[in-house]
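Notes follow once the structure below has been shown.
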Amino acid sequence: MRWKRYLTLLWLALFLVLATGMTSVQAHAGLMSSTPKNGEVLKTNPGQLSMRFTETLEPDLVSMKLYDWDGKEIRLERPSLQPGDAYQVNVALPDLAEGTYTAIVSVVSEDGHPVEERLSFSIGQKSAVVAEPSVAKKSDSSYLIVYRYLAQGIILLGGGLYVVAWRAQRYGLPSMAQLFGIGRQIGWILGLVGLIFLWFLYDESLTSVSLTQALWQLDTKLLAQSPFAIMLIVSFVLMLLLALPNMISSWYVSIWVLLVSAQAFGGHAWGITPVWLSIVLRLLHVLTVSLWLGALVYLLLAGKQAERNSKEFKAFFLRTVAIAAVLAVVTGAFMLLVQTDLASVLQSSLTWSYLLYGKVISVCVMLGLAYRQTKRWRGENTLQQVLLRWEIILGIVAILAGLWMSQTNYPTPETTTQEITQTDSN
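Read left to right, the sequence shown gives residues -29 to -1, 1 to 397 (mature numbering (1 follows the signal peptide of the UniProt record, and there is no 0)).
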């Protein structure tokens, strides 16, 4: 009966995915068209520059700059959205001499990620030499990925580890405090510092506004336009609540669950429709991955005591890991179906696709090692520490790949077609 319930839930989830299979997805906000077109040579000044994107834009999170053929910036008025059409941004052009110009627009996509697009056009004739815009350098996103991995990795691992340790105490095994001691405080500080650095790095990547200033001025309207910023603020508050002393154990469990859940709201989920399905899948995926990896780390730290312990703990642990692993794999597969399609992934050369391959391989090897470990534990009542360490390492690799994937563009039929077209033209 229990397995029939699980199968019923899985079939229901599959039905929901297939029922919403005709969803529209975008790999962040992308430039669809512009007036003038990229590379176009105009006889006269068009008077206005217009760009149309794949997602609706927030007026306060749009910045547009124009540079001449010498790389010098030309002052523009503040860009505005097309009345009744939030997909298009316009800016009036001043008097321009003949030559080639480069326009760079910075927007924030619906999922909170900064996106930069550029185009060039010429008036009269093309310039013989076109210099790179003087201050048009993109911010290095590698630091953002590193601090995101540090902060969110600690949160995901800590949340799953705490919940498993909390339940394991019922079977006479050590709590998280007994396992780590002062290490808990060190991990908390590292997580908090990681969130702070992540905030400033993200704010630096936004060229049009300062979220730090908006936070200082309590500009909730502007802050609400960035889901990633909201996720960081909520995570920071929950980290502070986690530090309150002498609370009942259920308080800390609840805060950890909320803290891990908050990490599901800062990725591609907001750029996919229907949003509710995307968020539900991402939420379940983040929670189960956290529980899965946390359980493995707990078993590594308390392995000897677990070997000597009762059959009840063994049954609890294996059941927990099995459910978490199955749900993590199933929700991950459904997220892929909702977000894009397999053909686009296989045909694409985007970094996202290669990260997906690495994540899939890591998870498959983890499942193989888990199967071998389970057979040994059930048969000989012993654990292989080497296998556990490899499982944890592969889990960390999978989390890194997942966080990196949420920070980069993912392939869609539109982006794959553009790649093929560019390859053919070259």
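Using N, Cα and C, we set each Cβ at its ideal position, and we do this for glycine too.
Can you give me the Cβ contacts of L254 inside the same chain, cut-off strictly under 7 Å, excluding the 5 residues immediately before and after it? The sequence position of residue 254 within the sequence shown is 283, counting from 1. Within the same chain, L254 has close Cβ partners S232, A235.
Where does I332 fall in DSSP's three states? The residue you call residue 332 lines up with position 361 of the sequence shown. In the structure shown, I332 sits in a helix (DSSP, three-state: H, G or I).
Helix, strand or coil at A74 [DSSP, three-state]: Here residue 74 refers to the residue found at position 103 of the sequence shown. Three-state DSSP puts A74 in a strand.
Expressed to the nearest angstrom, what Euclidean distance is found between the alpha-carbon atoms of Q149 and F171? Translated into the one-based positions of the sequence shown, residue 149 becomes position 178. Translated into the one-based positions of the sequence shown, residue 171 becomes position 200. Rounded to whole angstroms, the gap between the alpha carbons of Q149 and F171 is 35 Å.
Rounded to the nearest angstrom, what separates S77 and R49 at their Cα positions? By one-based count along the sequence shown, residue 77 stands at place 106. By one-based count along the sequence shown, residue 49 stands at place 78. Their Cα atoms are separated by approximately 13 Å.
Which residue or residues does DSSP assign as beta-bridge partners of G45? For this step, residue 45 is matched to residue 74 along the sequence shown. Per the sequence shown, residue 45 should be read as Ile rather than Gly. I45 is bridged to L37.
Within the continuous beta strand (DSSP E) that includes P85, where are the two ends? Along the sequence shown, one-based indexing puts residue 85 at 114. Unbroken beta strand (DSSP E) run through P85: 85 to 94.
List the endpoints of the continuous beta strand (DSSP E) containing L20. Start at 1 with the first residue of the sequence shown, and residue 20 comes out as number 49. For L20, the enclosing beta strand (DSSP E) starts and ends at 19 to 24.
Tell me whether the beta-carbon of V86 lies closer than 9 Å to the beta-carbon of L20. Indexing the sequence shown from 1 puts residue 86 at position 115. Indexing the sequence shown from 1 puts residue 20 at position 49. Not closer than 9 Å, so no.
Would you kindly work out how many angstroms separate the C-alpha atoms of G158 and I125, rounded to a whole number? Here the question's residue 158 lines up with position 187 in the sequence shown. Here the question's residue 125 lines up with position 154 in the sequence shown. For G158 and I125, the distance between alpha carbons rounds to 7 Å.
Rounded Cβ spacing between V12 and K97 (contact assumed at less than 8 Å): Indexing the sequence shown from 1 puts residue 12 at position 41. Indexing the sequence shown from 1 puts residue 97 at position 126. Taking the Cβ atoms as the reference, V12 lies roughly 6 Å from K97, within the contact range of under 8 Å.
Cβ atoms of L374 and V309: under 9 Å apart, would you say? Looking up residue 309 in the sequence shown gives position 338. Looking up residue 374 in the sequence shown gives position 403. Judged by their CB atoms, V309 and L374 are not nearer to each other than the 9 Å cut-off.
Excluding five sequence neighbours on each side, which residues of the same chain lie with their C-beta closer than 6 Å to the C-beta of G(-9)? Looking up residue -9 in the sequence shown gives position 21. In this prediction, G(-9) scores a pLDDT of 37, lower than 50, which makes its location untrustworthy; the coordinate-derived value is nonetheless stated afterwards. Closer than 6 Å at Cβ, skipping near neighbours: no residue.
Thinking just about the alpha-carbon of each residue, which of V334, M376, P104 is nearest to the one in L326? By 1-based counting over the sequence shown, the position of residue 326 is 355. Cα-wise, what sits closest to L326 is M376.
Does DSSP classify Q53 as helix, strand or coil? By 1-based counting over the sequence shown, the position of residue 53 is 82. Three-state DSSP puts Q53 in a strand.
Look at the Cβ atom of Q123, then the Cβ atom of G165, and state whether they are nearer than 9 Å. In the sequence shown, the residue the question calls residue 123 occupies position 152. In the sequence shown, the residue the question calls residue 165 occupies position 194. With respect to G165, Q123 sits close: the two C-beta atoms are nearer than 9 Å.
Mind reading off the beta-carbon distance from L121 to L161? Whole number of angstroms is fine, and I expect it under 8 Å. Walking along the sequence shown from the start, residue 121 turns up at place 150. Walking along the sequence shown from the start, residue 161 turns up at place 190. That belief holds up - the Cβ atoms of L121 and L161 are roughly 7 Å apart, short of 8 Å.
Spatial distance of Q276 from L144 (CA atoms): Here residue 276 refers to the residue found at position 305 of the sequence shown. Here residue 144 refers to the residue found at position 173 of the sequence shown. Rounded to whole angstroms, Q276 to L144 spans 7 Å at the Cα level.
How big is the Cα-Cα spacing for V334 and L270? Position 363 of the sequence shown, counted from the start, is the residue given in the question as residue 334. Position 299 of the sequence shown, counted from the start, is the residue given in the question as residue 270. Going from the Cα of V334 to the Cα of L270 covers about 18 Å.
Whole-number beta carbon distance between L267 and E362, since they are thought to touch under 8 Å: Here residue 362 refers to the residue found at position 391 when the sequence shown is read from its first residue. Here residue 267 refers to the residue found at position 296 when the sequence shown is read from its first residue. Indeed they touch by this definition, with Cβ atoms about 5 Å apart.
Cα separation between R141 and F284? Position 170 of the sequence shown, counted from the first residue, corresponds to residue 141. Position 313 of the sequence shown, counted from the first residue, corresponds to residue 284. So the two alpha carbons sit approximately 9 Å from each other.
I'd like the span of the beta strand (DSSP E) that includes T6, first residue to last. Counting from one through the sequence shown, the residue named residue 6 turns up at place 35. Unbroken beta strand (DSSP E) run through T6: 2 to 6.
Taking just the CA atoms, how far does A57 sit from I94? Position 123 of the sequence shown, counting from 1, holds the residue named residue 94. Position 86 of the sequence shown, counting from 1, holds the residue named residue 57. Distance between I94 and A57, taken at the CA atoms: about 28 Å.
What residue range is occupied by the uninterrupted alpha helix (DSSP H) comprising K14? Here residue 14 refers to the residue found at position 43 when the sequence shown is read from its first residue. Counting along the chain, K14 sits inside no alpha helix (DSSP H), nor does DSSP assign it H or E at all.
Checking the sheet assignment: what are the DSSP bridge partners for A102? On the sequence shown, residue 102 is found 131 positions in, with the first residue counted as 1. Per DSSP, none; premise fails for A102.
Measuring CB to CB, does T302 end up less than 9 Å from H256? Here residue 302 is taken as the residue at index 331 of the sequence shown, counted from 1. Here residue 256 is taken as the residue at index 285 of the sequence shown, counted from 1. In this structure, H256 lies closer than 9 Å to T302 by Cβ.
Who are N61's beta bridge partners in DSSP? To locate residue 61, count along the sequence shown from 1; it is residue 90. BP columns for N61 point to S21, S51.
Taking D174 and L182 to be in contact with their CB atoms under 8 Å, please state how far apart those CB atoms are, rounded to whole angstroms. Looking up residue 174 in the sequence shown gives position 203. Looking up residue 182 in the sequence shown gives position 211. That belief holds up - the Cβ atoms of D174 and L182 are roughly 5 Å apart, short of 8 Å.
V180 - containing alpha helix (DSSP H), residue span: For the purposes of this step, residue 180 is identified with residue 209 of the sequence shown, where counting begins at 1. Note, V180: premise wrong, no alpha helix (DSSP H); not H, not E.
Terminal residues of the alpha helix (DSSP H) in which P198 lies: Locating residue 198 in the sequence shown gives position 227, counting from the first residue. Following the DSSP letters along the chain, one finds P198 inside the alpha helix (DSSP H) bounded by residues 198 to 213.
Nearest-angstrom Cα separation, counted from R119 out to M147: Within the sequence shown, the letter at position 176 stands for residue 147. Within the sequence shown, the letter at position 148 stands for residue 119. Straight-line spacing of the CA atoms in M147 and R119 works out to 24 Å.
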